[in-house]
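2 protein chains.
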Amino acid sequence: MEPQVNAWSLPGGILGARENLNESVLRQLAEKVDVREVAHLEQLSIFSEPDRMPGPRTVASTFLGLIPRTADPHLPDDTSWHPVAALPEMAFDHRTMVLHAQSRLAAKLSYTNIAFALAPAEFTMSGLREIYCAALGYPVDATNLQRVLTRRAVLTPTGETARVGRSGGRPAALYRFSDRTLRVTDEFAALRPPG
Amino acid sequence: MEPQVNAWSLPGGILGARENLNESVLRQLAEKVDVREVAHLEQLSIFSEPDRMPGPRTVASTFLGLIPRTADPHLPDDTSWHPVAALPEMAFDHRTMVLHAQSRLAAKLSYTNIAFALAPAEFTMSGLREIYCAALGYPVDATNLQRVLTRRAVLTPTGETARVGRSGGRPAALYRFSDRTLRVTDEFAALRPPG
DNA sequence: ACAAAAGTGTTAGTTGTACACCCATGG
DNA sequence: CCATGGGTGTACAACTAACACTTTTGT
């Protein structure tokens, strides 16, 4: 809509009278963009500038929602996925919202098990590594990723191995996440409680 | 008010038409409880359950506000400070709000310079240690606190020393915070970018 | 001289990165 | 038997907690 005809905007809508914000987000994602596999949802900032949009005063409460890499919702025609590294022109304050979400995700990847919400049920270490690289924006060593996540008991080996491609190579072990709910795995970098 | 006659509630109020949420918080703290020295303010969760309070539907946006230990606002008669370790009966979901704020503060003390907002302009290490102990709820070693904050360049020595009490002892060196705005000092516990 | 408070040095343990090396598979 | 991708072991560096020891003051 004017004055942002060519700009993209995030999905969103009005809070219903008998729902809380989380319910509202899940409802709108399902109704508007057919996204129904939200594995993790958390609040981000509120955007409350009086003139953030034309028209009646609105306050936008933003969320970070994660779905597994394998999800493939049936997007409507006016909707599509965009890599965060190459965002199109975005309406109002929506670019800022996306950047907030990106940095929150990057931060939580380092001290929580939040990747459970991005990975499929079972995966190889190199598959998981791709997810971390994409979300963090820099290369991650699969070796050390394995060690860190194993020490923190974030990963559980399934004992199975993945089938190998036509180019050969040793078959990769399959893992799953020990928990499928957010857990802080590295609480205090410094100033831990004594004992 | 009914049905929470004897319960305490946090200061708060209605968002004005021409202010954003930050401005609203600062206005309400000043007007309602004479708190005007807010050195740091950040958003916490939104509470949006449809029935969280009787009466018309409200959505509460909560904040963590920090003021220096030396601040002494003139509180109205119906208002007082309460230690988080011994909260009185609290109205509606306000206890949950306080606990959220407490854990956010504790977390940020470990990886940011957020204590600048709690300390006076100049302070001794043992004074700062008391602040950390109170906020974290467990003893903190002044020695290691000094080392950690110095290495991260969070503290700057003033060169001055504090006057010593009547019981003797070596006079303490005075420090100030290098920045008086929030800075992340220990960004990645794990999975740092290479190089 | 002694007690009290502050500051320094040392040690040991944990965690993380980097990288060389070994293993399993397909062609 | 070689290329390819996966997994393991080791070396090194950084950081922290704990605590003994030294320094500086007032009485």
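From first to last, the protein sequence lines are chains W and X. Residue -9 is where the first sequence starts when you use the numbering used here, and the numbers rise one by one after that. Residue -9 is where the second sequence starts when you use the numbering used here, and the numbers rise one by one after that. Don't be surprised by glycine CBs; every beta carbon is placed ideally from N, CA and C. No experiment lies behind these values; they were computed from the predicted model shown.
Residue burial classification, residue i (beta-carbon count within 10 angstroms, cutoff 16)
{"i": "M(-9)/X", "result": "exposed"}
{"i": "A75/X", "result": "exposed"}
{"i": "T148/X", "result": "exposed"}
{"i": "S51/X", "result": "buried"}
{"i": "L65/X", "result": "exposed"}
{"i": "S157/W", "result": "exposed"}
{"i": "T175/W", "result": "buried"}
{"i": "L54/X", "result": "buried"}
{"i": "R141/X", "result": "exposed"}
{"i": "R182/X", "result": "exposed"}
{"i": "R119/W", "result": "buried"}
Residues of its chain near residue i, where Cβ-Cβ distance is below 7 Å and the 5 sequence neighbours each way are ignored
{"i": "V154/W", "result": "P161"}
{"i": "I121/X", "result": "R59, A105, L108, A109"}
{"i": "Q(-6)/X", "result": "A81, F82"}
{"i": "P35/W", "result": "Correcting the residue identity first, residue 35/W is Ser in this sequence and not Pro. So the qualifying residues of the chain are T52, H90."}
{"i": "T146/W", "result": "Y165, R166, S168"}
Host alpha helix (DSSP H) of residue i (start-end)
{"i": "R156/X", "result": "Careful: R156/X lies outside any alpha helix (DSSP H) and carries neither H nor E."}
{"i": "M87/W", "result": "84 to 101"}
{"i": "S168/X", "result": "Counting along the chain, S168/X falls outside any alpha helix (DSSP H), and DSSP gives it neither H nor E."}
{"i": "V138/X", "result": "132 to 141"}
{"i": "R42/W", "result": "That residue, R42/W, is in no alpha helix (DSSP H); it is neither H nor E in DSSP."}
{"i": "V23/W", "result": "11 to 23"}
In DSSP terms, what residue i is bridged to
{"i": "G55/W", "result": "L31/W"}
{"i": "W71/W", "result": "Answer by DSSP bridge pairing: none, since W71/W is not bridged."}
{"i": "A163/W", "result": "T151/W"}
{"i": "A50/W", "result": "F37/W"}
{"i": "M(-9)/X", "result": "The partner list for M(-9)/X (beta bridge, DSSP) is empty, contrary to what the question assumes."}
{"i": "V174/W", "result": "T102/W"}
{"i": "M80/X", "result": "W(-2)/X"}
{"i": "L145/W", "result": "F167/W"}
Terminal residues of the beta strand (DSSP E) in which residue i lies
{"i": "Y122/W", "result": "No beta strand (DSSP E) holds Y122/W; the alpha helix (DSSP H) holding it covers 115 to 126."}
Cβ neighbours of residue i in the same chain (closer than 8 Å, five flanking residues each side left out)
{"i": "M61/W", "result": "Before going further, note that residue 61/W is Ala rather than Met in the sequence given. Taken in chain order, the residues that qualify are V25, E27."}
{"i": "M115/X", "result": "A132, L135, Q136, A162, A163, Y165"}
{"i": "A96/W", "result": "A125, L126, G127"}
{"i": "E177/X", "result": "Y101"}
{"i": "E112/X", "result": "T148, E150, L164, Y165, R166"}
{"i": "G2/X", "result": "Q18, A50"}
{"i": "E9/X", "result": "R17"}
Close-in-space but distant-in-sequence residues of the same chain around residue i (CB under 6 Å, 5 per side omitted)
{"i": "S38/X", "result": "V49"}
{"i": "P63/W", "result": "D24, V25"}
beta-carbon residue i near the ligand HEM non-hydrogen atom, thresh 6 Å
{"i": "R94/W", "result": "In terms of ligand content, the structure shown is empty, and the ligand HEM therefore cannot be addressed."}
Below 8 Å, how does it come out for the region 38 to 45 of chain W and the region 69 to 77 of chain W: are there three or more Cβ pairs, yes or no? no
Given 8 Å as the limit, is there contact between the region 73 to 87 of chain X and the region 128 to 146 of chain X, that is, 3 or more CB pairs closer than that? no
Contact between the region 169 to 177 of chain W and the region 87 to 106 of chain W: three or more CB pairs below 8 Å? yes
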